[in-house]
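Numbering (the numbering used here), first residue to last: 4 to 497. From the three backbone atoms N, C-alpha and C, an ideal C-beta is built for every residue, glycine too. Written below as structure tokens is the structure these notes are about.
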């Protein structure tokens with residue numbers, strides 16, 4: 004292990020952590036990374052993502068700088084549009100009900116493009132998200148929902164690139180090492196106490212960056228802070244995100260911030276395992292619900308599946324599953340939209356029923372009120388305004404009338420067999436509550452003053468997300484604040 008004291012010690016080894024490590028190393032700092040998980044499960048929640056990253060761009064020239072492999076043919080056949088700083092900021096404000104900290108949001112938005120360019124310079128490759136974020140309309144692919152760019156290879160590809168870049172830069176990563184406490188000397192953080200192989204050791208550092216995720220894998224904390232029922236949620240990602248970084252900082256007087264009762268949670272396969280499975284990755288998610296309807300075991304609809312693009316609703320609709328009988332519901336589709344369903348609907352592990360009739364479909368659903376299910380489908384079909392053209396690339400206004408709740412976009416009758424339904428529950432991604440930080444990623448104490456020597460980035464930063472989340476923002480936030488945290492930690496160390 005690196006000689007102590009190191010300049011910068013990073014707790015965690017996901018996207019945010021390794022961006023911090025690379026940034027600190029770029030400043031000439033000696034960097035040590037501690038990872039709770041074994042090397043085979045490295046990367047934290049980042050490995051479990053699809054790799055989408057929300058980023059400001061003014062047009063195709065900006066995208067070409069991020070994606071040099073973009074071909075002339077792809078450009079000619081695609082309407083990439085633009086995603087402005089104003090649009091990104093407005094999306095963050097709107098979906099968080101105007102509670103997100105504007106200073107942090109400003110940094111996230113303004114630094115998003117330059118951060119992705121910086122990552123590309125470190126060997127991370129990007130590509131357009133054709134498979135999930137573009138549809139062909141009138142002979143041309145059109146992107147929608149403000150989300151265009153993903154890392155090649157998804158989350159695993161992103162983490163492979165960052166690990167390789169870190170190792171090449173001389174960053175030391177030590178696995179199966181759990182940080183348990185911060186060391187403080189005269190008010191300044193000077194290292195961590197960590198456990199490795201059953202042995203406790205104190206590791207000294209001139210600056211410490213906390214990047215060890217939220218508390219989504221901690222069943223007790225979920226129930227304590229998110230509320231009753233959250234102990235029943237499945238964890239989409241790493242089993243190692245137990246809130247250690249948050250706890251260690253609070254123990255030395257850090258100020259909590261953000262929505263501690265909120266979390267990013269999605270519709271997740273009912274029979275998925277308790278924690279994420281790296282062999283399946285994010286394949287247990289089910290994000291094509293705007294093209295169909297959701298029905299619970301009482302045979303009733305309970306939300307507006309077409310309220311907005313899935314990018315702006317998927318992270319809050321998982322929570323709604325916990326309120327349904329049996330902690331879940333069924334996503335129902337017919338043959339008209341079968342070709343729009345994402346690849347995750349085709350995995351072998353999917354919980355699906357299929358039939359040539361609506362009643363035959365309901366008969367296969369354990370505990371379903373079959374009579375009410377059929378009635379709900381009939382009432383829905385009768386309420387669809389089919390005079391409006393269906394267009395998945397915009398809020399098309401093709402809605403229902405007279406239902407409670409109505410579906411306000413992308414309403415198609417469910418009347419063309421074969422019919423399919425997918426059983427979903429709640430899968431928690433990450434928690435919204437965390438630590439108060441400055442725009443320079445410095446952790447702030449309860450007295451409002453910066454805690455010297457302590458920085459934070461990634462999921463454990465509080466104040467960015469409330470109630471909801473714009474898709475692809477988590478990885479971007481981790482990268483932006485990771486880069487800042489590493490740079491500032493290295494400067495303070497000097």
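When the five nearest sequence neighbours on each side are left out, the beta carbons in the same chain lying within less than 6 Å of the beta carbon of residue 486 are those of 22, 26 and 118, in order along the chain. Annotated three-state conformation of residue 143 is strand, per DSSP.
The residue from 102, 81 and 128 with its alpha-carbon nearest to that of residue 55 is 128.
Contact annotation: residue 233 and residue 239 have beta-carbon atoms that are not nearer than 8 Å.
For secondary structure counted as the alpha helix (DSSP H) over 4 or more consecutive residues, the stretch 362 to 408 holds these complete runs in sequence order: 373 to 386. When C-alpha distances from residue 62 are compared across 151, 45 and 111, the shortest belongs to 151. According to the DSSP assignment, residue 169 belongs to the alpha helix (DSSP H) that extends over 157 to 172. Taken in chain order, the whole beta strand (DSSP E) runs of length 3 or more contained in the stretch 171 to 249 are 175 to 177, 180 to 188, 191 to 199 and 202 to 213. With contacts defined by Cβ atoms closer than 8 Å, residue 318 and residue 472 form a contacting pair. Sequence-distant partners of residue 73 (beyond 5 residues in either direction) whose C-beta falls short of 6 Å from its own C-beta, in its chain, are 67. As for any beta strand (DSSP E) of minimum length 3 sitting wholly inside the stretch 449 to 496, the runs are 453 to 459, ordered along the chain. With respect to the C-alpha of residue 322, the residue from 236, 367 and 281 having the closest C-alpha is 236.
Judged by beta-carbon spacing, residue 18 lies within the 8 Å limit of residue 162, meaning their Cβ atoms are closer than that value. Inclusion of residue 169 and residue 24 in the CB contact set at 8 Å is warranted, their separation being smaller than that value. Assigned with DSSP and collapsed to three states, residue 343 falls in helix. With 16 or more other Cβ atoms inside 10 Å of its own Cβ, residue 290 counts as buried. Contact between the stretch 467 to 483 and the stretch 243 to 252 is absent: fewer than 3 CB-CB pairs across the two stretches fall below 8 Å.
Look at residue 78 here: in three-state DSSP terms it is helix. Here residue 79 is exposed, its C-beta having fewer than 16 other C-beta atoms within 10 Å.
Within 10 angstroms of the beta-carbon of residue 314 lie 16 or more other beta-carbons, which makes it buried. For residue 264, the closest of 229, 297 and 293 by C-alpha to C-alpha distance is 229. The stretch 439 to 457 makes no contact with the stretch 375 to 395; the number of CB pairs closer than 8 Å stays below 3. Residue 424 and residue 212 have their C-alpha atoms roughly 45 Å apart. Relative to residue 105, the option among 378, 92 and 114 whose CA is nearest is 92. For a cut-off of 8 Å, the C-beta gap from residue 261 to residue 465 is around 3 Å, short enough to register as a contact.
Annotation for residue 437: 217, 249, 259, 260, 261, 459, 462, 463, 464, 465 and 466 place their beta carbon closer than 8 Å to its own, counting only its chain and skipping 5 residues before and after. For residue 259, the three-state secondary structure derived from DSSP is strand.
Taking a contact to require three or more Cβ pairs closer than 8 Å, the stretch 427 to 447 and the stretch 177 to 186 do not qualify as touching. In the DSSP annotation of this structure, the continuous segment of the beta strand (DSSP E) that includes residue 430 starts and ends at 422 to 434.
Shown here, residue 124 sits in a helix according to DSSP, grouped into three states.
When DSSP states are grouped into helix, strand and coil, residue 101 belongs to the coil group. When 345, 329, 334 and 341 are compared, the shortest CA-CA separation from residue 370 is found for 329. For residue 310 against residue 411, the beta-carbon gap comes to about 6 Å, under 8 Å, which counts as contact.
Under the 10 Å beta carbon count, residue 337 is surrounded by 16 or more other beta carbons and is classified as buried. Boundaries of the beta strand (DSSP E) harbouring residue 12: 9 to 14, taken from the DSSP string. Looking at the DSSP output, residue 267 sits in a beta bridge with 433.
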